[in-house]
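Novice:
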Ligand SMILES: *Cc1c(COP(=O)(O)O)cnc(C)c1O
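In the numbering used here, the protein residues as written are 432 to 927.
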């Protein structure tokens, strides 16, 4: 079909289009794409979570720029052969617990296709797609206990949501026209506060805003990895005395390392007393609000002036989808609204709440999944993951040779294989090898982190496909792999 899609017309000559010449043929190809992806997703549990990439992988992607058409059928064949089949399922797999990643869903995949098919630019107010996004944001406010007067925006993820939140905080609290004068005109150096466990996107945001990394005061944490309130209060006091202008506290609702939740209610109180902006990074933790059983673990989120969170992590929307909610709609708009001759408008557009002008139809997958599954189901899945984390922590506790390295708060379990004859530095090496073997065998895929100076295996459970038996297998494999490593020559010589 692609060979012959030019329309020859005597009057106008040859004119081309990207639409197919033969719609029936493309329709058939589309049907087989759906069939293939359904088979692929239905079979994920039988696949290894990781497999080594093909040896010639790099060559595959050194093809020259395609100048002439090879047709859609052959191109789909290339996708299957070079992209889909050699690729490890990773975050789709029931035993993937690395970093913090969502597992998508087959229905959401279909909704992505519909969104791309409609291909609206979700900016102005005139299209139905805008109403869909407004409704989705309204639902998210309701689900996360934000007032309906709040404003919100769907974004690529929580990094962007943090940046938007911090921008509004900076501009609102500056006490002068930041948009006009810029940071260099600031009468005082502005400072903001987060715990040492804050996500790197906070630091990047602060850098981008021109505030400089040093203006972000990283406050030490307690043994539970929650921000240490007396240190925070002291830092604010000292900064004020030294002529700085504190303007914002960032609370963690689920840190990326251990899932710790800062004492949000206390942080909100300090913000009120000191007249600071309260931003919460709830990338995945905010979703715990959907679980009636566990929502108290993230109490205080609703007190935030701005809340950043992800929909592609614990809500399993296909990448990408994140969201910012802002209590005071005017503050939000004051930071981003813009009008030009070529884009004049009366009612605010989505671009009046963020950086992007052209925007995709992210809202559709959220709208369709919320309706299809119901929000209570998400609550139950989140509950299930929290209970699986507790189950895993119990297994670790009950297993000789394994130890927990951080207290459990939501869904992240940090632990290691241990042996009393080895010092920490050797245990670190052993556990590094252990993780490599575990991942390499494709059985389970936790990631790692450092807890103090101890190397930890880290299972962050945001996975709707995991079952309890998967954690039994993880613990079994960690123990047997660890024991085998103890016998190995590299480790044996270090045994005391
Ligand atoms: C993942 C994460 C982010 C960044 O979110 P992205 O969606 O990856 O941009 C920020 N904060 C926390 C706590 C996270 O876990």
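Quick reminder that beta carbons are idealized off the backbone N, C-alpha and C, glycines included.
1) With DSSP as the reference, label residue 839 as helix, strand or coil.
2) Could you name the residues of the same chain whose beta carbon sits closer than 8 Å to that of residue 434, not counting the 5 residues immediately before and after it, in chain order?
3) Whole angstroms is fine: what's the gap from residue 447's alpha carbon to residue 567's?
4) Reducing DSSP to helix, strand and coil, say where residue 740 ends up.
5) Rounded to the nearest angstrom, what separates residue 640 and residue 872 at their Cα positions?
6) Just to confirm, does residue 710 get its C-beta within under 7 Å of one of the non-hydrogen atoms of ligand 1?
7) Return the CA-CA distance between residue 535 and residue 859, expressed in angstroms with no decimal places.
8) With a cut-off of 8 Å, do at least 3 Cβ pairs link the segment 678 to 694 to the segment 624 to 636?
9) Going residue by residue through the segment 858 to 924, where are the continuous beta strand (DSSP E) segments of at least 3 residues, counting only ones entirely within it?
10) Any heavy atom of ligand 1 inside 7 Å of the beta-carbon of residue 685?
11) Run through DSSP, which three-state label would residue 850 get?
12) Compute the distance between the beta-carbons of residue 632 and residue 593, then report whether it is under 8 Å.
13) Can you give me the start and stop residues for the alpha helix (DSSP H) that residue 508 sits inside?
14) Tell me whether the beta-carbon of residue 684 lies closer than 8 Å to the beta-carbon of residue 732.
15) Indicate the three-state DSSP secondary structure (helix, strand or coil) for residue 671 in the structure shown.
16) Do you know whose CA, among 907, 793, 795 and 751, lies nearest residue 826's CA?
17) Should residue 796 be labelled buried (16 or more other beta-carbon atoms within 10 Å of its own) or exposed?
18) With a threshold of 7 Å on Cβ separation, who are the neighbours of residue 504 within its own chain once the five nearest residues in sequence on each side are excluded?
19) Cα-Cα, which of 737, 713 and 736 is closest to residue 726?
Specialist: With the structure as the only source:
1) Within the chain shown, numbered from 1, the residue matching residue 839 stands at position 408. DSSP places residue 839 in coil when its eight states are reduced to three.
2) Counted from its first residue, the chain shown places residue 434 at position 3. Its pLDDT being 47, under 50, residue 434 is placed unreliably by the model, and nothing is read from it.
3) Translated into the one-based positions of the chain shown, residue 447 becomes position 16. Translated into the one-based positions of the chain shown, residue 567 becomes position 136. Residue 447 and residue 567: Cα-Cα distance of roughly 38 Å.
4) Locating residue 740 in the chain shown gives position 309, counting from the first residue. If DSSP states are grouped into helix, strand and coil, residue 740 belongs with the strands.
5) In the chain shown, counting from the first residue as 1, residue 640 sits at position 209. In the chain shown, counting from the first residue as 1, residue 872 sits at position 441. So the alpha carbons of these two residues sit roughly 44 Å apart.
6) Indexing the chain shown from 1 puts residue 710 at position 279. Not so, every heavy atom of ligand 1 lies at least 7 Å from the Cβ.
7) Here residue 535 refers to the residue found at position 104 when the chain shown is read from its first residue. Here residue 859 refers to the residue found at position 428 when the chain shown is read from its first residue. Going by the C-alpha atoms only, they are around 33 Å apart.
8) yes
9) 876 to 882 and 885 to 891
10) Here residue 685 corresponds to residue number 254 of the chain shown, with the count starting at 1. Indeed, a heavy atom of ligand 1 lies less than 7 Å from the Cβ.
11) Here residue 850 corresponds to residue number 419 of the chain shown, with the count starting at 1. Of the three classes helix, strand and coil, the one that applies to residue 850 here is coil, per DSSP.
12) Residue 632 sits at position 201 when you count from the first residue of the chain shown. Residue 593 sits at position 162 when you count from the first residue of the chain shown. Yes, they are a contact pair.
13) For the purposes of this step, residue 508 is identified with residue 77 of the chain shown, where counting begins at 1. Counting along the chain, the alpha helix (DSSP H) containing residue 508 begins and ends at 503 to 509.
14) The sequence position of residue 684 within the chain shown is 253, counting from 1. The sequence position of residue 732 within the chain shown is 301, counting from 1. Yes, the Cβ-Cβ distance between residue 684 and residue 732 is below 8 Å.
15) Locating residue 671 in the chain shown gives position 240, where the first residue counts as 1. Looking at residue 671 - three-state DSSP - the assignment turns out to be helix.
16) Counting from 1 along the chain shown, the entry for residue 826 is found at position 395. Checked all of 907, 793, 795 and 751; the closest Cα to residue 826 is 907.
17) Position 365 of the chain shown holds residue 796. Residue 796 should be labelled buried.
18) Sequence index remark: in the chain shown, residue 504 carries index 73 (1-based). Excluding its 5 nearest sequence neighbours in each direction, residue 504 has C-beta neighbours in its own chain below 7 Å: 460, listed in chain order.
19) For the purposes of this step, residue 726 is taken as residue 295 along the chain shown, with counting starting at 1. Minimum Cα distance to residue 726 is reached at 713.
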